[in-house]
Every structure is written in structure tokens, then in C-alpha cells.
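Going by our numbering, the first residue of the sequence shown is number 3, and it counts up by one from there. Taking it in order: structure first as C-alpha cells, then the write-up.
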Amino acid sequence: MNNTSNPVPVVTIDGPGGAGKGTVAAAIAAAQGWHLLDSGALYRIIAVSGEAAAIALDDTKALVALCERLQIVFAADRVRVDGQDLTDAIRTEEAGSSASKVAAMAPVREAILALQQGFRRAPGLVADGRDMGTVVFPDAPVKIFLDASAQARAERRYNQLKNKGLGVNLRALLEQIQERDARDRERAVAPLKPAQDALIIDSTQMTIKEVVAMVMTQLASKVG
Ligand code: DC
3 MNNTSNPVPV
13 VTIDGPGGAG
23 KGTVAAAIAA
33 AQGWHLLDSG
43 ALYRIIAVSG
53 EAAAIALDDT
63 KALVALCERL
73 QIVFAADRVR
83 VDGQDLTDAI
93 RTEEAGSSAS
103 KVAAMAPVRE
113 AILALQQGFR
123 RAPGLVADGR
133 DMGTVVFPDA
143 PVKIFLDASA
153 QARAERRYNQ
163 LKNKGLGVNL
173 RALLEQIQER
183 DARDRERAVA
193 PLKPAQDALI
203 IDSTQMTIKE
213 VVAMVMTQLA
223 SKVG
């Protein structure tokens, strides 16, 4: 699946948490009528399902076995795992932090590699995560690395949570973001970094609309 002769186009959008990857990826997929892979959701599912099954987050063997048996279905903006709706449960800060821990294990990443590559189906795929352009789809014709300052990302998250009526602390959010960034960037396997041929977009001072327009321009120039 993952070779240079694969004709199905892929747009990869990598970057740290809170840079707007998910929103931009969904907008591009909708505009193109393409499939969408939210790879972070997979790591979140493994972490949340692992915790529910009382598996320690450093028990690599048990986590790999879990990956092999989980039945994951993405449909209509919801995710069901073994028949249970986990859409909201995987979106908490704790789930993100636990996901970052399980994602640091090479065997866990290998266990879901083929699953991720299986999302590459005609007419095209938009995939967001940390290693979409570097490891999972290295032959993607369009690679984006979407960045933003940690402060801007913390503020965006703060406003999102506040709008949902949740009590949050900006300083604590910033610390969580910095801790997760460090773990994702410094891990030995598939660390967060731009692919050599990625277009780097710093969205700190940009609206989502401006980022989407930039990615669409890049897509038009590379894929047509
Ligand atoms: O994008 P997200 O916040 O949903 O991702 C949650 C965690 O999963 C992130 O901190 C690191 C990990 N992750 C990863 O290692 N590789 C990916 N392709 C996507 C996410």
C-alpha cells in the first residue's frame, strides 16, 4: 500500500496538538470529497480502551494485543469501539496525555500502521497526526506541517472548553500542552517533526480559513 506507485493521492497534515490540524483536515476532506484519517483518535482509543480494560499504559504487550482485537468504526462524526460510542470519552485532556504515552511505544505504532494505511482509498485521503508525512504515507504528494505557538494553542483550547461550559485553567492547559509536545517531539520512534518535503505553516496569526486556502493552493499545484 505504502509505495511510490500508489495512485491514490494523500494530503498529510502533521503538527503539535491544538494547531488546528483536525479542523483543517476535515475542511479539506469535505471540499475534495475525500476520506479522512484522524490518527490521533486511534492512539486516544487505545489509551482509553486500555485504561477501561485495566491495562497499565506501559504494558506494551497487552496494548499490542488490544490493538489487534479492537473493532473501531468511524461513521457520521462518531467513533464506536467494540460497539460502544467513545466519541466524547477520547476527547479529554487526560485521554490526549495518555495517548501520547502509548504512542511512544514502537510496537503499538507498528500494530496500527496497516490499519492507518488502509484508509488510503479512492478518490483520496486527508490524514492528520504526528507522523503521517514522515512514516505512514512518506510518498504523499502533499505534506503540511501545521504549527502554532504553545501559548496560542493553549488559548484556543481554553476558549473551546470555556464555550462548552467547562471550568479550565489557562496556565494548567499550557503546561499540559508543553509536556505533551516535549514527549511527542523527543520520543525515539516517529517523533513529531516536519517531513523534509513538507510545507510548514505557522498558524499562530492565521485564521482556519486562511490555512485551508493555503493548503488548497498547495493541493491544486501538486495534484490538480
Ligand atoms: O492529535 P491528537 O491530540 O488527537 O493526538 C493524541 C496523541 O497521540 C498525541 O499527543 C501523540 C499521539 N499521536 C501520535 O503519536 N502519532 C500520530 N500520528 C497521532 C497522534
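Note that beta-carbon positions come from the ideal geometry of N, C-alpha and C, so glycine has one too. Predicted model, so just to flag it, every value in this text is computed and none were measured.
Strand pairing of residue i, partner residues [DSSP]
i	result
Gly131	Asp16
Arg75	Position check: residue 75 holds Val in this sequence, whereas Arg was assumed. Val75 is bridged to Arg82.
Phe147	Asp16 and Ile202
Asp87	Arg82
Cβ separation of residue i and residue j, assumed to be a contact under 8 Å, to the nearest whole Å
i	j	result
Ala97	Val50	5 Å
Asp130	Asp40	6 Å
Arg111	Ala192	6 Å
Thr14	Ala142	5 Å
Gly35	Pro125	7 Å
Alpha-carbon to alpha-carbon, residue j and residue i
i	j	result
Gly223	Val214	Here residue 223 turns out to be Ser, not Gly, going by the sequence shown. Ser223 and Val214: Cα-Cα distance of roughly 14 Å.
Gly22	Asp149	8 Å
Ser102	Glu177	15 Å
Tyr160	Ala77	28 Å
Met3	Lys164	Any answer about Met3 is weak, because its pLDDT of 46 lies below 50 and its placement is not dependable; what the coordinates show is given next. For Met3 and Lys164, the distance between alpha carbons rounds to 42 Å.
Ala59	Gly226	Rather than Ala, the amino acid found at residue 59 in this sequence is Leu. Distance between the alpha carbons of Leu59 and Gly226 is about 43 Å.
Val75	Ala91	15 Å
Val128	Val138	12 Å
Asn5	Glu181	Bear in mind that a pLDDT of 45 at Asn5, under 50, signals an unreliable position, so the number given afterwards is only what the model happens to contain. So the alpha carbons of these two residues sit roughly 34 Å apart.
Thr89	Ser100	16 Å
Asp204	Met216	11 Å
Ile146	Met218	11 Å
Asp87	Glu212	33 Å
Ser151	Leu221	25 Å
Arg185	Arg46	15 Å
Ile30	Ile202	17 Å
Leu115	Met208	32 Å
Lys195	Gly19	13 Å
First through last residue of the beta strand (DSSP E) which encompasses residue i
i	result
Leu39	His37 to Asp40
Selection from the options that minimises the alpha carbon distance to residue i
i	options	result
Asp79	Leu65, Tyr45 and Ala32	Ala32
Arg187	Thr94, Thr219, Ile146 and Asp133	Asp133
Val228	Ile15, Leu44 and Glu95	Outside the shown range of the chain, which is 3 to 226, sits residue 228, and nothing can be said about it.
Gln153	Arg173, Lys166, Gly167 and Thr136	Arg173
Gly52	Leu38, Asp84, Gly24 and Asp199	Asp84
Asn67	Val81, Ile48 and Gly120	Reading the sequence as shown, one finds Ala at residue 67 and not Asn. Comparing Cα positions, the closest option is Ile48.
Lys63	Thr206, Met107 and Pro196	Met107
Arg71	His37, Asp87, Ala113 and Gly35	Ala113
Asn8	Gly120, Arg185, Arg189 and Ala197	Gly120
Arg82	Ala116, Leu65 and Ala43	Ala43
Ala190	Gln118, Leu117, Leu168 and Pro109	Pro109
Gln198	Gly167, Thr206, Val12 and Val144	Val144
Residue range of the unbroken alpha helix (DSSP H) whose run includes residue i
i	result
Gln220	Ile210 to Lys224
Gly98	Glu95 to Val104
Arg159	Ala152 to Asn165
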